[in-house]
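>
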Amino acid sequence: MPSVFFRLLLRRFALLLGLYVLLRLGFYLANYAVFQEASAGEVLLAFWHGFRFDISGLLLLNVPFLLLSLVPNLGQRWQAFVRGVYLTLNAIGISLNLIDTQYFKFIGRRTSNELFTITDDIQRQAGQLAGHYWFLLIPFVVLFGLLWYCYPMPSPAAVPARPTGPRGWIRPGLEFILVAGLTVLGIRGGLQLKPLRTGHAFVQSPPILGHVALNSTFTFLKSLGYQPAERRQYFASAAALQPALARRAPAIPPHDTTSRRRDNVVILLVESFASEYNGIENGGQGYTPFFDSLATKGLFFRNHYANGRRSIESLPAVLAGLPSLMESSFITSNFQTDELHGLGELLGRAGYTTSVFHGAQNGTMGFNTFAGIAGMQQYYGLNEYPGGAQSPDFDGHWGIFDEPYLQYFARQLGQQPQPFFSLVFTLTSHEPFPVPAQYQGRFAPGELPIHASIGYTDFALRQFFKAAARQPWYQNTLFILLADHTSQTLRPDYQNTLGSYKTPLLLFHPVRQLPSANVERITQQADLPATVLDYLGVSAPGKLLPFGYSVFDAGTTGRALFLSGGSYFLVHQDFVTELTADNQVRLYSYRTHQLPAAPLSNPDPQKVLQYGNELKACVQFFLNGLADNSLYKHQ
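In my numbering, the protein residues as written are 471 to 1105.
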């Protein structure tokens, strides 16, 4: 019969498994809109699959407790100490999983090591986050109290005699070996060749339920000892994958004249400016009247997708054509020292003044560091804004409100030598979605907290263009408006994998007629470097990554790439291709921002082969290229 120590350990661990079922249920209910297409049977199966990740995550978290539990001491003080360790460790796990019931709404995945990679940002926002999400304290207290109350303690009658002599230690020794073996087995998720990974959760249908099967304890702890994504060998060599990569280089010189070569270029990267919020893509029902009007005066691409779900993933795509095809961001990865050629460098060589503006604390998400990596000559953050955090324009959370900051941006551009290339990253339409006091009630509140904030940001854009129109540089400037990622969602047709990346792209010139382009083509953030260089007629042989295309390239209908739920996705005008965590290739019919719940049952084998190889080539080129620092070695 197992010893009392072993029986107590099993009961205590079973209590944790039951607790994680409740946490999973809470996560599912809090994000029900994301999973509503799944049947009840599929959801139950995801819960069942989740036990494997619960066992692994809980064992990882509770290693100190497991070791202490096997010490053959049932004394009251010792058991109280063991209980304290148990409660402390698992309070962390409860917190992570409760936080993710809300954080998932913004990034579309479970928490990973960003708690450490953007520690300073989290510390600065701790107060407002606690104030905004105070209600999470209620389930935390309930679950922690349940854990404390139900924790099995030994009864006085259960105290065994102390082991005496060598034989007395045989059973404790065997139990220790058994627990150690089971712990290793549980952490690695079984006897399979490769240890359990986050991606294993998504080998089910529909894959989106992988987020339900996972738990935040597992994803967080697995990311602490972060290992770069595994190298891929779909093709024998980097040279062998080139035909499938479908690389396209801009034709230089591009169009009819060279007069546009010296145009200024301004990129407005608008925080959380998802397609779901505008009117022009939603039958006039939106919160962006100015943007809707401006979109009719330029090239508006309706099939545009972000390459990631987080702000930190957008700058590498926009400035360097590098999509986010790994779980960690490039900016916080060990690859940030790899060779990278950004628009700042390429346009700087062509005589451009280059700059990045972001009204948040300098150092936020490493944007200032990446701006330098991308070759941008100047970075303007909160420190450079008049008054900084003491300015009345400071929102009390992230930085400077959009309206005054965009006015400041317009003035600063007037002081820069032409031609210039500048990117401004707005911030007001970020959690907690503030609106300045003087504008309270002016913008339609909508049904989500972000809606009024989006209305304010749209107003700030209107005021920016009014101010810019009075500047001498305005008439020879190309403006590019796009979003960093999506955010809160209400419209059911956007509540799917494709809709989670659907953002607008607009190219606008106040005077010049833009080159012709197919506005129905698929576009992505990573298209911007090729597009800007193509428009300006700037040649950059061997310095452009192959993932993006110029929107003016009539020889292709475009594509978009992103990583979601452990699967890679490739969007074309006819099909969406998925490469699953276990390397299955699935094909879905394409419809703007809508992905069917199930793949095609009888897809065209030629399309599966063509698009599957293209996606595999992109993934292998990205992952192996970063690992070997060889992204530009096979141009």
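Glycine included, every Cβ here is placed at the ideal spot set by N, Cα and C.
For Arg-1061, which beta-bridge partners are listed by DSSP?
The partner list for Arg-1061 (beta bridge, DSSP) reads Gln-1064.
> When you compare only the Cα positions, how much space is there between Phe-770 and Thr-571?
Taking the straight line joining both Cα atoms gives about 35 angstroms.
> Considering only heavy atoms of the ligand FAD, does any lie closer than 7 angstroms to the CB of Phe-949?
In terms of ligand content, the structure shown is empty, and the ligand FAD therefore cannot be addressed.
> Could you spell out where the beta strand (DSSP E) holding Ile-737 opens and where it closes?
Segment 734–740, the beta strand (DSSP E) holding Ile-737.
> When you compare only the Cα positions, how much space is there between Leu-485 and Leu-616?
Near 10 angstroms, if we compare the C-alpha coordinates of Leu-616 and Leu-485.
> If you follow the beta strand (DSSP E) that Tyr-909 is in, where does it begin and where does it stop?
No beta strand (DSSP E) holds Tyr-909; DSSP gives it neither H nor E.
> Just grab the DSSP bridge partners of Ser-1034 for me.
For Ser-1034, which the question treats as bridged, DSSP gives the partners Ser-1037.
> Along the chain, where does the alpha helix (DSSP H) containing Phe-614 start, and where does it finish?
607–620 is the span of the alpha helix (DSSP H), which, as asked, contains Phe-614.
> Is it a yes or a no for the stretch 931–945 touching the stretch 858–877, going by three-plus beta-carbon pairs under 8 angstroms?
Yes, the stretch 931–945 is in contact with the stretch 858–877.
> One question on the structure: do Ser-686 and Thr-558 come within less than 8 angstroms of each other, judged by their Cβ atoms?
Contact: no.
> Report back the beta-carbon spacing between Arg-1056 and Thr-1062 to the nearest angstrom; my notes put them in contact at under 8 angstroms.
Not really, about 19 angstroms apart at Cβ, beyond 8 angstroms.
> I'd like to check one pair, Leu-1040 with Tyr-1058: are the Cβ atoms closer than 8 angstroms?
Taking 8 angstroms as the Cβ cut-off, Tyr-1058 and Leu-1040 do not qualify as a contacting pair.
> Which same chain residues end up closer than 7 angstroms to Ser-957 when comparing Cβ atoms and leaving out the 5 residues on each side of it in sequence?
Correct list, in chain order: Phe-576, Ser-742, Ala-744 and Ile-920.
> What are the start and end residues of each continuous alpha helix (DSSP H) run of 4 or more residues lying completely inside the stretch 664–692, in chain order?
Taking only runs of at least 4 residues, the alpha helix (DSSP H) segments lying wholly in the stretch 664–692 are 680–683.
> Could you check the C-alpha separation between Thr-653 and Leu-1096 for me, to the nearest Å?
Rounded to the nearest angstrom, the two C-alpha atoms are 34 angstroms apart.
> Please classify His-514 as buried or exposed, where buried requires at least 16 other C-beta atoms within 10 Å of its C-beta.
Here the sequence assigns Leu to residue 514, which means His is not the residue at that position. The residue is exposed, with fewer than 16 neighbouring Cβ atoms inside 10 Å.
> Quick one: residues in its chain with C-beta nearer than 6 angstroms to the C-beta of Pro-677, no 5 flanking neighbours on either side, listed in chain order?
Closer than 6 angstroms at Cβ, skipping near neighbours: Gly-1035 and Ser-1037.
> Which stretch, first to last residue, makes up the alpha helix (DSSP H) that contains Ala-841?
That run of the alpha helix (DSSP H) goes 837–843.
> Any beta-carbon of chain B closer than 8 angstroms to the one on Leu-1033?
Chain labels in this structure do not include chain B; a single protein chain is all it has.
> DSSP three-state label for Gly-791, please.
Correct three-state label for Gly-791: coil.
> Specify, as a first and last residue, the run of the beta strand (DSSP E) that Thr-927 falls within.
Where Thr-927 is concerned, there is no enclosing beta strand (DSSP E), although the alpha helix (DSSP H) it sits in stretches over 919–939.
> Who are the Cβ neighbours of Leu-536 in its own chain at under 8 angstroms, not counting the five residues just before and after it?
Excluding positions up to five away in sequence, the list reads Leu-479, Leu-529, Val-649 and Thr-653.
> Does DSSP put Asn-1094 in a helix, a strand or coil?
Of the three classes helix, strand and coil, the one that applies to Asn-1094 here is helix, per DSSP.
> Look at the Cβ atom of Gln-1112, then the Cβ atom of Pro-793, and state whether they are nearer than 8 angstroms.
This structure cannot settle anything about residue 1112, because the visible part of the chain is limited to 471 through 1105.
> In three-state terms, what does DSSP make of Asn-773?
The answer is strand: DSSP assigns Asn-773 an E or B state.
> Of all the beta strand (DSSP E) runs that stay within the bounds of the stretch 966–1014, which reach a length of 3 or more residues?
Listed in chain order, they are 975–978 and 992–994.
> Given Leu-538, which residues of its chain have a CB within under 8 angstroms of its CB, disregarding the five upstream and five downstream residues?
Closer than 8 angstroms at Cβ, skipping near neighbours: Phe-551, Val-552 and Val-555.
> Would you kindly report the start and end of the unbroken beta strand (DSSP E) that includes Phe-497?
Segment 474–500 is the alpha helix (DSSP H) holding Phe-497; no beta strand (DSSP E) there.
> Just the C-alpha distance for Arg-701 and Asp-1044, rounded to the nearest angstrom, thanks.
Looking at the two C-alpha atoms, the distance is approximately 29 angstroms.
> Out of Glu-507, Thr-766, Glu-746 and Leu-599, which has the shortest C-alpha to C-alpha gap to His-955?
Closest option to His-955, Cα to Cα, is Glu-746.
> Can you give the beta carbon distance from Phe-840 to Pro-786, rounded, assuming they're within the 8 angstroms contact cut?
Contact flag correct, Cβ pair sits at about 7 angstroms.
> Can you give me the C-alpha to C-alpha distance between Gln-1054 and Phe-705, rounded to a whole angstrom?
If I take the Cα positions, the gap works out to 16 angstroms.
> Return the first residue and the last residue of the alpha helix (DSSP H) that Tyr-878 is part of.
That run of the alpha helix (DSSP H) goes 872–883.
> Whether or not the stretch 824–832 and the stretch 790–807 are in contact is what I'm after, with contact meaning three or more pairs of Cβ atoms, one per stretch, closer than 8 angstroms; do they touch?
As far as the Cβ criterion goes, the stretch 790–807 does not touch the stretch 824–832, which means the pair count is below three.
> Would you tell me roughly how many angstroms separate the C-alpha atoms of Tyr-433 and Gly-754, rounded to the nearest one?
Missing from the structure shown is residue 433; the chain here goes from 471 to 1105 and no further.
> Between the beta-carbon of Tyr-964 and the beta-carbon of Pro-889, is there less than 8 angstroms?
No, they are not a contact pair.
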